[in-house]
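Worksheet: the structure to be examined is printed underneath.
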Amino acid sequence: GNTATTTAMVTVVDNLAPTVITKDVNLFLDESGNATLTTAQVDDGTFDNCGVTTLSLDKTDFTVSDLGEQTVTLTATDASGNSASTTATVTVNEFNYEPVFTSSPVTAAVEEVAYNYVVTVSDQNTNETLTLGSTLLPGWLTLTDNGDGTGTLTGTPDDADVGVNAVRLTVTDEGSNVIAQEFTIEVTNVNDIPVFTSTPVTAATQEVVYTYSVSATDDDLNETLTITATTLPAWLVLNPSGAGAATLTGRPTNDEVGTHEVVLVVTDASGATDTQSFTVAVANTNDVPTMIGFNTTILEDTPNGTVIGTVTANDLDNDPLTFAIVAGDSETTFRIDATSGEVTVANTDLLDAATTPQYVLTVEVTDGEFTAETTVVIEVDAVTGISDELLETLVAYPNPTEGMLRIRADFLVDHPEAELTVFNARGLEVPVTINRSSADQFELQLRDLVSGVYYVRVQVDGAHRNMMITKY
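Under my numbering, think of the first position of the sequence shown as 94, with each following residue one higher.
So, in structure tokens, the structure goes:
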């Protein structure tokens with residue numbers, strides 16, 4: 094477990110020489126015929142494991158007598174005194190003249206047309222490398238240096254580049270001379286065609302408001318755009334709202350169910366146009382059928398199967414319709430054809446003018462989804478000695494009437510018991526003033542009745558006739 098220590102001096106010695114890397118150099122004499130070469134011009138990355146301390150050249154000053162290729166030696170020395178050398182070729186050139194642009198700029202361009210300017214430069218110093226560049230260049234331009242004193246400036250301007258565009262090209266020689274060529278390119282506008290940017294609404298529904306917000310644009314700034322329609326169904330209206338916008342709207346009816354062609358046109362201030370053509374398909378919505386009943390008079394001995402009237406119905410969708418008597422005939426005295434709407438006597442034995450002088454039937458029609466109702470009023474007359482021919486001689490005038498109505502017939506002279514009653518279209522009796530102005534004539538005052546259709550029943554000797562009157 095016994096230990097002892099002591100110290101020793103270790104000396105680390107750097108005995109590795111630097112690695113010298115050089116590059117050939119072009120050197121230009123000044124106007125007095127002299128030039129100075131620096132180590133930085135010749136050095137091309139010299140290094141040492143412990144760091145290079147100094148660089149030196151065996152020759153730094155050159156005159157006219159040194160024109161041409163000269164060999165120089167670059168020596169690198171590190172902190173330990175290790176050194177290494179490598180040669181480089183220095184080409185001594187006459188005074189470095191400034192390069193010049195020998196081409197004239199192309200200063201005009203047209204929107205959407207390729208621009209091309211062939212750039213050429215030169216230098217009085219022969220065999221000198223010239224480099225093209227730019228310090229001010231619009232984004233639509235590209236400069237290509239061919240490496241032989243020529244280059245191309247190319248590009249295609251668009252609408253945003255219309256106007257004056259500033260350009261500054263440069264040429265640099267090996268002596269670090271930089272010369273600029275400054276100019277402007279004026280880009281002339283070309284009228285752009287306007288285009289529709291909205292997608293048409295191609296579906297519509299009957300009785301539902303259709304709306305299509307139309308929009309268009311133009312690459313030309315502040316362009317005035319007008320939207321019109323060259324083909325448009327009557328149910329649609331185009332309302333321009335300015336700034337390349339419009340609203341196409343309308344409410345199709347049953348008549349518009351189907352397809353409709355639409356052609357819209359957008360026009361700019363220069364007359365350029367774009368067309369948008371499409372088809373609007375209007376889907377059908379089932380409509381409620383409509384129907385009309387009737388009023389009639391029959392004798393109580395009318396045979397079974399006798400057609401006493403027809404209920405008419407209409408459906409805008411042309412759906413098949415079905416008729417049915419739903420009220421007013423609990424004993425099935427009458428029947429209705431489900432398809433045609435014809436009403437016939439079904440049981441003549443039930444007809445009795447004394448007990449049931451009137452039937453008010455409720456008739457329903459359906460298209461399978463919707464239903465509608467109307468009324469059929471059937472008057473039942475007893476079989477009497479008053480013939481139908483005599484009843485038909487009754488005359489009502491004036492008809493239509495605004496107030497006073499007269500009903501007359503020659504046979505009334507022999508029937509002082511004749512009575513008149515007024516009913517509305519629903520079969521309900523309405524009160525009016527009735528006077529027998531003469532043996533063959535009655536006067537009825539209808540002034541207080543609302544406008545519409547009424548029925549005057551003339552009863553004579555157990556028989557009667559219903560006369561339709563229009564009050565306006």
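Glycine residues also receive a C-beta, built at the ideal position from the N, C-alpha and C atoms.
In whole angstroms, give me the CA-to-CA distance for L357 and P231.
Their backbone Cα atoms lie some 38 Å apart in a straight line.
On a Cα-Cα basis, can you pick out the residue from N347, D507, D481 that is closest to V301?
If you compare the alpha carbons of N347, D507, D481 with that of V301, the shortest gap goes to N347.
With DSSP run on the structure shown, which of helix, strand or coil describes T441?
Helix at T441.
Please give the ranges of any alpha helix (DSSP H) in the segment 120 to 171, keeping only runs that are unbroken, at least 4 residues long and fully inside the region.
The qualifying runs are 132 to 135.
CB-CB under 7 Å to F463, same chain, minus the five flanking residues each way: which ones, in chain order?
Excluding positions up to five away in sequence, the list reads N379, V381, P382.
Give me the Cα-Cα distance between A327 and T281, rounded to the nearest whole angstrom.
Each residue's alpha carbon lies about 44 Å from the other.
Determine which residues share a DSSP beta bridge with Y565 and list them.
In the DSSP output, where bridge partners are listed per residue, Y565 has none listed.
Excluding the five sequence neighbours on either side, which residues of its own chain have a C-beta within less than 6 Å of the C-beta of A518, listed in chain order?
Excluding five sequence positions before and after A518, the CB atoms of its chain that fall closer than 6 Å to its own CB belong to V546, given in chain order.
Using a beta-carbon distance below 9 Å, is N440 in contact with chain C?
Among the chains in the structure shown there is no chain C, since it carries only a single protein chain.
Reducing DSSP to helix, strand and coil, say where L314 ends up.
Looking at L314 - three-state DSSP - the assignment turns out to be coil, as it is neither helix nor strand.
Distance, Cα to Cα, S173 vs L148?
C-alpha separation (whole angstroms): 14 Å.
For T139, does the count of other Cβ atoms within 10 angstroms reach 16, so buried, or fall short, so exposed?
It counts as buried.
Which runs of the alpha helix (DSSP H), 4 residues or longer, sit entirely within the segment 457 to 510?
Counting whole runs of 4 or more residues, the segment 457 to 510 contains the alpha helix (DSSP H) stretches 481 to 484.
Quick one: residues in its chain with C-beta nearer than 6 Å to the C-beta of I479, no 5 flanking neighbours on either side, listed in chain order?
The beta carbon of I479 sits closer than 6 Å to those of V553, D554, A556, all from its chain and outside the five residues before and after it, given in chain order.
C-alpha gap between F387 and E522, whole angstroms
F387 and E522: Cα-Cα distance of roughly 17 Å.
Go through the segment 227 to 290 residue by residue and report every complete run of the beta strand (DSSP E) that reaches 3 residues or more, in order.
Listed in chain order, the complete beta strand (DSSP E) runs (minimum 3 residues) inside the segment 227 to 290 are 234 to 238, 243 to 248, 256 to 265, 271 to 281.
Write down every uninterrupted run of the beta strand (DSSP E) in the segment 342 to 390 whose length is 3 residues or greater and which is fully enclosed by it, in chain order.
Given a length threshold of 3 residues, each whole run of the beta strand (DSSP E) inside the segment 342 to 390 is given here in chain order: 351 to 361, 366 to 376, 383 to 385.
Rounded separation between Y210 and N270 - CA only
CA-CA distance, Y210 to N270, rounds to 23 Å.
Take every Cβ of the segment 304 to 323, pair it with every Cβ of the segment 217 to 229, and state whether three or more of those distances are shorter than 8 Å.
Touching, no, given that fewer than three Cβ pairs across the two stretches are closer than 8 Å.
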